[in-house]
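Engineer: Before anything else, here's the structure in question.
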């Protein structure tokens, strides 16, 4: 499949160290053709994580797309994995565009087995200036979802007059899956309950991902017929 994709002009790249492939990234063109690349796989071997290799791969992919006139890269990721949310949204500046429950159906691999394969679709505007920057600190938001002392999700309704909210996730969902599968499953459905309508809504705008583990949202208000984000 990789040979066929590469031969067809799609994006297939590996990262190597001393002759060993330690990371890779694969993407293919989607509609609207000539404008968007869907990045399906991007990752590095566990022993090489945290060394900037993933970031180098994504920026290589960005440069490759720009050379070909492509201005948008989209991809999906598990929204419960905090490090990926921070990297995708805060470091690269990709914007959440869809929340897809159980996107791939049942998966039997060591990471996803026993859990629903929910995925967030993000869109990376290659002409954008940079990552989002929320003007509100996470401590000044209303936390509608956050971990309790025992690590389970604490869910609260969004107050009707609330302007800034934060949707929290566990710091390490992958570890939680190995020690408390039931709690990890509860987190999946709690996060889905908030993110699916928030991302689909025209009333809320994503303003980034706080490194403490919170998706940040600001309500959009209508003034004089135009939608404007509340100023702070």
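Residue numbers (my numbering): 82 to 313. Backbone N, C-alpha and C define an ideal beta-carbon position, used for all residues, glycine too.
1. Near residue 265, which residues of its chain fall below 7 Å by C-beta distance, leaving aside the five closest residues on each side in sequence?
2. Does the Cβ-Cβ distance between residue 202 and residue 179 come in under 8 Å?
3. Tell me whether residue 287 sits in a helix, a strand or coil according to DSSP, three-state version.
4. Which complete beta strand (DSSP E) runs does the region 218-282 hold, if anything under 3 residues is left out?
5. Determine the contact status of residue 143 and residue 117, defining contact as a CB-CB distance below 8 Å.
6. For residue 269, does the count of other Cβ atoms within 10 angstroms reach 16, so buried, or fall short, so exposed?
7. Under DSSP, the alpha helix (DSSP H) around residue 84 begins and ends at which residues?
8. Select from 206, 227 and 252 the residue whose C-alpha is nearest the C-alpha of residue 271.
9. Report the option in 207, 158, 209 and 172 whose CA atom is closest to the CA atom of residue 185.
10. Around the Cβ of residue 250, are there at least 16 other Cβ atoms within 10 angstroms (buried) or fewer (exposed)?
11. Comparing alpha-carbon positions, which option in 136, 292, 124 and 282 lies nearest residue 106?
12. What is the DSSP secondary structure of residue 139, counted as helix, strand or coil?
13. Helix, strand or coil for residue 159, going by three-state DSSP, please let me know.
14. Assign residue 206 to buried or exposed, taking buried as 16 or more other Cβ atoms, counted over all protein chains shown, within 10 Å of its Cβ.
15. Can you tell me whether residue 200 is helix, strand or coil according to DSSP?
16. Is residue 209 helix, strand or coil when you go by DSSP?
17. Grab the span of the beta strand (DSSP E) containing residue 118 for me, first residue to last.
18. Using only the alpha-carbon positions, how far apart do residue 172 and residue 166 sit?
19. Taking residue 262 as the reference, give the member of 204, 236 and 232 with the closest Cα.
20. State the start and end residues of the unbroken beta strand (DSSP E) segment that holds residue 101.
21. Buried or exposed, going by whether 16 or more other CB atoms sit within 10 Å of the CB of residue 287?
22. Is it the case that the Cβ atoms of residue 170 and residue 289 are separated by a distance below 8 Å?
Structural biologist: A quick look at the data gives this:
1. 196, 254, 257 and 258
2. yes
3. strand
4. 223-228, 234-236 and 245-249
5. no
6. buried
7. 83-88
8. 227
9. 158
10. buried
11. 124
12. helix
13. coil
14. exposed
15. strand
16. coil
17. 117-125
18. 9 Å
19. 232
20. 101-111
21. buried
22. yes
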